[in-house]
Amino acid sequence: MAVKALRPEDIRKWLPLATLAVLILLVGIAQPSFLQPGTLIELASDTAVLFILATGVTFVIMLGGIDLSIQSMASLASVIVALTITRLGYGSFLLAIVIGAIAGFLSGIVHVRLKIPSFIATLAMGGVLFSAALVISKERSITLDETGRAYQAWITSQAFGLPNVIFIGLLVLAAAHVVQAHTRFGRYSAAIGAGEPAAYASGVKVGRQKIFAFVLSAAFAAVAGVVLAGRLASGSPTLAAELLLPSIAAVVVGGTAITGGVGSIWRTLVGALIISVVRIGMTFLGVNIFAQNIVFGAVLIGAVAITIDRTKIPIVK
Amino acid sequence: MSADTTAAISMVGIGKRFPGVHALKNVSIEIKPGEVVGLIGENGAGKSTLMKILSGVYQPDSGQILIAGEENRIESAADANHKGIGMVFQEQSLLPNLTIGENIYLGNERQFTKFGLVQWRALYDAAARQLEKVKVDIDPRMRADALSFAARQMVELAKALTLEEHAAGHLVILLDEPTSVLERAEIDILFNRVRALKSRASFVFVSHRLDEVLQLSDRVYVMKDGEVVAELAAADADVGMLHRLMVGRTQQADYYYEPLQMPVQDAILLEADQLACGAAYRNVSFKLRAGEVLGIAGVIGSGREELTRTLAGFAPHTAGTLKIASREVRLETPAEAVDLGIGYIPRERRVEGLVLFLSVSANITLADLASLTRFGLIDARKERGVATDWTARLKVRTPNINTLCLGLSGGNQQKVVLAKWLNAKARILVLDHPTRGLDVGAKEEVYELVRRLTGAGLSIVLTSDTLEETIGLSHSVLVMRDGEITHRADAARGAKPQQIDLIGHMV
Amino acid sequence: MVLVLLCLIIAVINHNFLSFGNFVRISQDAAIPLVLGLGETFIILMGSIDLSVEGILTLAAVILSMTVLNGLNDNNLGLLAVLLVLVVGGVVGFANGIVHVRLKVPSFMATLGSWFIGVGIANALLGGMAIRINDPLIRGLAIRRALGLPWGVWSALACLAVAFVIQNHTRLGRYIYALGGGEELAALSGISVSWVRIATFTLAGVFYAMGGVLAAAQLGLGNAQIGNGRLFTTVTAVVVGGTSLSGGEGGVLQTFVGVLIVSVLSNGMVLMGVPPSVQIGLQGLMIIGAVALSIDRKVRVVK
């Protein structure tokens, strides 16, 4: 009896991976050049930034919240790097991440202490971060010079024949996975997302965990901004602006429930790859790059509708 | 006295089962036009289930409902309204942010609507007329949340009365514990209104306050264990008689493993002194010793539910002192209670007891992950060991420790909750309706566990569904009514009090 | 009231604030957020959230620019085009409602999807291009005046009047409040929660489309970026105005005040020389402040 009830769960578990495989095959059949190692490596490199961003917000979504400030945080991080890299060198990366952590902490406090729903708290925070980025960059894009770019070599160069960003992405994957699956925080987040009243009653300090999730989300967003600044050799307040939707889509399409509780970093990886394949695949097939947003929007709704657990929400607001 | 004696509503042979409990067994009641019918019974006797069927919230599994002599089905709350059945709930059912007039006609504004626009003057005039019927002087343009409980109660009565304009037959209004939030003077006013309205409607008066039921009703039905055990004319009955009818099933000593009831130890684990929490309860004082089961008996509104929540850390007390292991504390959150060794087995175990979508193992370790953590990481092997150990010790029936708790039966879910607290080395367990929804076998397992645990020195504060269970399991019983302790009884092995001794202090 | 205080403070700092020209400028700035805010207010009163503002607005502006007298093609639908885009807005809103109600997708997710679908379609149609609008009637909304105020401002005020009537004099309006005040109770009284939801999202969509018309008129063109950042100002205005996020409290008049507060503040900051980049951040802080200060009578499970 318990086994039968799990069947639809099994489908949900494997659907994203199966979808990814099918998509790669489809594009590959339509355009064989897609399946060449060079292209696939390109794909992986391009996915890295998206994946890091999506990983961060996965922590918040697993708790049952949302973070709409990640793109502003990433952009701000790129600006911080661009402005301070000549003076601080490698320290600029650290600075950006620390500021990210602080911003996340503030979002968390606003959400938990002031009892403001996460989407409003992070929407507002996103505005503040965007504003900050505009001000300190004097509303312009900042290109890095030679000395600056030298410090970014660890992002832009290669090792063992593969672009470094892939290794960075894998490192993030490993770290995030360990946090999500093997730490107390990871366990508590899953519990809070899947059953907050029970977690609360079991003595979990829910507020503290939520704040930490926002810290992680913003810190990862900052890392994504740092990497992006490396790849584009510039920093600007709108550098990552287009990445909000694909990041959230990546998490959801990967199978993490938007209501929280069910999910993992692996799922986000699969989701990010799906988004990338769709995006790059569409380009390969000659689909208008702007029309891609339509597809994303539809995919997002579809993915949420399929993965959402109706039994958990009596009243959908 | 009406010459028309056909019942306005008859319920014949109604049966209703829920998973694990046979709520109603062959219940038949009649409500005649123009009378007040009282309905009394202990918690779990079936009163509210019966009323929910009558108001369309539940469907009966068997039996018939006859309205004005004709067989009928009540499909939904709205349908009940159409058929002339109105409800005045215990929990307020007015929308606080709308006006009185809007609330009275909520869902029925069409009669006042022209070209899509609501004619407010006409609606408020009509609302004023409805309020006339209950003789209450309130401006229908006031917001609902600006009124007192008593006034809102009257508005709900007025709202229920609006049904008479549309219903074909007689109006029947269900009053569900209407007096628990009212002052004495307000209760008198309510009763006067009801008596005055008898010419327009029949009433069903559900309440724990037996004296009030006798005061207001013409006839009284007594329910026990899902059956109607008596039907009396109110004039022929007194409170003592009702008590005897409500309780009194002989308890089998073995059912509660009474022989295993060990004497209480000396160490005082928890002490409450003049504890109070807002208006819910006050002057609560007791001592909880190691190895003791302290039962708290009372009906809804007695304050015992809130007291239980205070001990579990959900509702910090507002006056008095609470000492745990001789240290004075104030439990602001459950986390503080857990740190002090208190475990809570909640009424809603699927919501507050377990995270259903996590595994058995994850749930068992949830309250004490610290001891499984080394260098920030959870030791998976150690966790498996702990989970397997507890599953075996409490005999939790599950395919394996990684199964989601969703798939477990109620009894096994309860055991997982218990395992969680035992794993967290809880010394005091607060049990809140621990056997609700469990079948007989599961209940027995819980009783046996209670004996084993208290024998080993654990203490338990028990709030139970039934008086019988409370008496059977406890070493001592506190009886509460209207927020205060009204009686203390010893329930030592072999010397248990009878239910009849306690019920007088509860209702 | 906060608004009066604000005006006084700014007037003291910079006398230009009190000039009629400035007043007109403020009203022009406030027109579009007001119309958008009206739609969002109904949604928030219900206890939901609508993130598709920018999507529907952009779609409406783009379609309008393509169907009236314009610099790209030979269409000349005139006022019919306005009707068309209002219908389109309603349709997208309707879709939001259906997805939310039938597929049980939380409102912020469903509308997040529409947001990007709307902008996506606009992008697909135009790419980075802009279409210039030559229709005199549409341009007139921004240029032609009556009693000193542009037609566009009067249109916005007309929308306010319509919204007010809907809110206080129709059953839909009361049911929206009922849903926000206590959904289970409302359902027990026989209100069809599903239909109220769907109708409200549809209505909001029409308002957002109207906002798109005004935006296109103001800029004199339609492009895919025309909606950027408007969600933020809309939510700010509604929240600052006093409509509670948990639903059931507030209304279109409060949003009107909120829009004025935001516009006056913004105008004041310009007069005082504060750069717009900083204003965004300040708006963010305003949202937080306004929500934190609003006394929520119900205990929410905050997600």
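Residue numbers (our numbering), protein chains in the order written: chain A, 888 to 1204; chain B, 932 to 1438; chain C, 32 to 334. The C-beta atom is built at its ideal place from N, Cα and C for all residues, glycine as well. Since this is a predicted model, take the numbers as computed values, not measurements.
* Mind checking if K1199 of chain A is an interface residue toward chain C, Cβ cutoff 8 Å exclusive? -> If you number the first sequence from 1, residue 1199 of chain A lands on position 312. Its pLDDT being 44, under 50, K1199 of chain A is placed unreliably in this model, and the coordinates cannot settle the point.
* Asked: What's the C-alpha gap between N1034 of chain B and E1040 of chain B?
  -> The sequence position of residue 1034 of chain B within the second sequence is 103, counting from 1. The sequence position of residue 1040 of chain B within the second sequence is 109, counting from 1. Answer to the nearest angstrom: the Cα atoms are 10 Å apart.
* Straight-line CA distance for H1064 of chain A to I984 of chain A? -> Within the first sequence, the letter at position 177 stands for residue 1064 of chain A. Within the first sequence, the letter at position 97 stands for residue 984 of chain A. Roughly 19 Å between the two C-alpha positions.
* **Cut-off 8 Å between Cβ atoms - residues of its own chain near R1072 of chain B, not counting five sequence neighbours on either side** => Position 141 of the second sequence, counting from 1, holds the residue named residue 1072 of chain B. So the qualifying residues of the chain are T1030, I1031, G1032, Y1055.
* Beta-carbon of V123 of chain C versus every beta-carbon of chain A: anything under 8 Å? -> Along the third sequence, read from residue 1 onward, the residue named residue 123 of chain C stands at position 92. With 8 Å as the cut-off, V123 of chain C does not count as an interface residue toward chain A.
* Asked: Less than 8 Å separating the beta-carbons of H1364 of chain B and L1225 of chain B?
  -> Sequence index remark: in the second sequence, residue 1364 of chain B carries index 433 (1-based). Sequence index remark: in the second sequence, residue 1225 of chain B carries index 294 (1-based). Contact flag unset, no.
* Asked: Taking 7 Å as the cut-off, does the CB of E71 of chain C come closer than this to any heavy atom belonging to the ligand SAH?
  -> Inclusion of the ligand SAH in the displayed structure is not the case, the ligand content being empty and no account of it being possible.
* The alpha helix (DSSP H) enclosing H1064 of chain A, as first and last residue numbers -> Looking up residue 1064 of chain A in the first sequence gives position 177. Counting along the chain, the alpha helix (DSSP H) containing H1064 of chain A begins and ends at 1051 to 1069.
* **Assumed close pair L963 of chain A, L1016 of chain A - CB separation to whole angstroms, cut-off 8 Å** => Residue mapping note: residue 963 of chain A aligns to position 76 of the first sequence, counting from 1. Residue mapping note: residue 1016 of chain A aligns to position 129 of the first sequence, counting from 1. So it is a contact: roughly 5 Å between Cβ atoms.
* Can you name the residues of chain B whose CB is closer than 9 Å to the CB of G272 of chain C? -> As a working mapping, residue 272 of chain C is identified with position 241 in the third sequence. Those do not exist, as G272 of chain C stays about 16 Å from chain B at its closest Cβ, beyond 9 Å.
* Establish whether the CB of E1026 of chain A and some CB of chain C are separated by less than 8 Å. => Taking the first sequence and counting its residues from 1, one reaches residue 1026 of chain A at position 139. By this cut-off, E1026 of chain A is an interface position.
* To do: Please confirm whether G987 of chain A and A1081 of chain A have their CB atoms less than 8 Å apart.
  => Along the first sequence, read from residue 1 onward, the residue named residue 987 of chain A stands at position 100. Along the first sequence, read from residue 1 onward, the residue named residue 1081 of chain A stands at position 194. In this structure, A1081 of chain A does not lie closer than 8 Å to G987 of chain A by Cβ.
* Asked: Nearest-angstrom Cα distance between V1137 of chain B and V1151 of chain B?
  -> For the purposes of this step, residue 1137 of chain B is taken as the residue at position 206 of the second sequence. For the purposes of this step, residue 1151 of chain B is taken as the residue at position 220 of the second sequence. Their backbone Cα atoms lie some 10 Å apart in a straight line.
* Asked: If we call anything under 8 Å between Cβ atoms a contact, is A961 of chain A one with G1112 of chain A?
  -> The residue given as residue 961 of chain A occupies position 74 in the first sequence. The residue given as residue 1112 of chain A occupies position 225 in the first sequence. A contact, by the Cβ cut-off of 8 Å.
* Asked: Between V1157 of chain A and L904 of chain A, is the Cβ-Cβ spacing less than 8 Å?
  -> In the first sequence, counting from the first residue as 1, residue 1157 of chain A sits at position 270. In the first sequence, counting from the first residue as 1, residue 904 of chain A sits at position 17. Taking 8 Å as the Cβ cut-off, V1157 of chain A and L904 of chain A qualify as a contacting pair.
* Asked: In this structure, does DSSP put V1195 of chain B in helix, strand or coil?
  -> As a working mapping, residue 1195 of chain B is identified with position 264 in the second sequence. In this structure, V1195 of chain B counts as coil in the three-state DSSP scheme.
* Asked: Any idea if I1202 of chain A is buried or exposed, counting beta-carbon neighbours within 10 angstroms, 16 or more meaning buried?
  -> Along the first sequence, read from residue 1 onward, the residue named residue 1202 of chain A stands at position 315. Caution applies to I1202 of chain A, whose pLDDT of 44 falls short of 50 and renders its modelled position unreliable; the value that the coordinates give is listed next. Counting Cβ neighbours within 10 Å, I1202 of chain A comes out exposed, since fewer than 16 surround it.
* For L955 of chain B, the nearest candidate out of B:V967, B:L985, B:G969 (CA to CA) -> Reading the second sequence from its first residue, position 24 is the one you call residue 955 of chain B. Here the closest residue by C-alpha is B:L985.
* Asked: Among residues of its own chain, excluding the 5 on either side of K1254 of chain B, which ones have a beta-carbon nearer than 6 Å to its beta-carbon?
  -> Within the second sequence, residue 1254 of chain B is the residue found at index 323, counting from 1. Same-chain partners within the cutoff: E1202.
* Asked: With distances taken between CB atoms, is the gap from I971 of chain B to H1069 of chain A smaller than 8 Å?
  -> Working through the second sequence from its first residue, we reach residue 971 of chain B at position 40. Working through the first sequence from its first residue, we reach residue 1069 of chain A at position 182. No, these two residues do not count as a Cβ contact at 8 Å.
* Going by DSSP, what residues sit across from C1208 of chain B in a beta bridge? -> What you label residue 1208 of chain B is simply residue 277 of the second sequence in a count that begins at 1. In DSSP, C1208 of chain B forms a bridge with B:Y1212.
* **Distance between S1290 of chain B and A1108 of chain A (C-alpha atoms, nearest Å)** => By 1-based counting over the first sequence, the position of residue 1108 of chain A is 221. By 1-based counting over the second sequence, the position of residue 1290 of chain B is 359. Rounded to the nearest angstrom, the two C-alpha atoms are 31 Å apart.
* With DSSP collapsed to three states, give me the class of Y1152 of chain B. => The count along the second sequence starts at 1 and reaches residue 1152 of chain B at position 221. The answer is strand: DSSP assigns Y1152 of chain B an E or B state.
* Contact set between T1044 of chain B and chain C, taken where Cβ atoms lie within less than 7 Å -> In the second sequence, residue 1044 of chain B corresponds to position 113, counting from 1. Ordered by position in chain C, the residues that pass the 7 Å Cβ test against T1044 of chain B are R202.
* To do: Determine the burial state of E1002 of chain B: buried for a count of at least 16 other Cβ atoms within 10 Å of its Cβ, exposed for fewer.
  => Counting from 1 along the second sequence, the entry for residue 1002 of chain B is found at position 71. E1002 of chain B comes out exposed.
* To do: Give the single residue among B:R1004, B:P1109, B:D1070 whose Cα lies nearest to the Cα of V1019 of chain B.
  => Your numbering for residue 1019 of chain B matches position 88 in the second sequence. For the residues B:R1004, B:P1109, B:D1070, the minimum Cα distance to V1019 of chain B belongs to B:P1109.
* Under 8 Å from the C-beta of L902 of chain A: neighbouring residues of chain C -> Position 15 of the first sequence, counted from the start, is the residue given in the question as residue 902 of chain A. Per Cβ cutoff of 8 Å: no residues; L902 of chain A is ~17 Å from chain C at best.
* To do: Given a cut-off of 8 Å, decide if D954 of chain A and F1047 of chain A are closer than it, judged by their beta-carbon atoms.
  => Looking up residue 1047 of chain A in the first sequence gives position 160. Looking up residue 954 of chain A in the first sequence gives position 67. Not in contact: F1047 of chain A and D954 of chain A (Cβ atoms no closer than 8 Å).
* Beta-carbon of G951 of chain A versus every beta-carbon of chain B: anything under 8 Å? -> Your numbering for residue 951 of chain A matches position 64 in the first sequence. Not an interface residue.
* Asked: Quick one, which residues of the stretch 1081 to 1103 of chain A are near chain B if we go by CB-CB under 8 Å, in chain order?
  -> A1081, G1082, P1084, A1085, A1086, Y1087, A1088, S1089, G1090, V1091, K1092
* Asked: Short check: CB of G1017 of chain B to CB of S1133 of chain B, under 8 Å?
  -> As a working note, residue 1017 of chain B is residue 86 in the second sequence. As a working note, residue 1133 of chain B is residue 202 in the second sequence. No, the pair does not count as a contact, with Cβ atoms beyond the cut-off.
* Asked: Does I1029 of chain A come within less than 8 Å of chain C when only Cβ atoms are used?
  -> Start at 1 with the first residue of the first sequence, and residue 1029 of chain A comes out as number 142. Not an interface residue.
* To do: Mind checking who L1335 of chain B pairs with in its DSSP beta bridge?
  => The sequence position of residue 1335 of chain B within the second sequence is 404, counting from 1. L1335 of chain B is bridged to B:S1290.
* **Cβ pair G211 of chain C, G278 of chain C closer than 8 Å** => Looking up residue 211 of chain C in the third sequence gives position 180. Looking up residue 278 of chain C in the third sequence gives position 247. In this structure, G278 of chain C lies closer than 8 Å to G211 of chain C by Cβ.
* To do: Would you please verify whether the beta carbon of S96 of chain C is less than 8 Å from any beta carbon of chain A?
  => What you label residue 96 of chain C is simply residue 65 of the third sequence in a count that begins at 1. No - not a single Cβ of chain A is within 8 Å of the one on S96 of chain C.
* Asked: Below 8 Å, can you find three or more Cβ-Cβ pairs linking the stretch 1133 to 1144 of chain A to the stretch 1010 to 1026 of chain A?
  -> no
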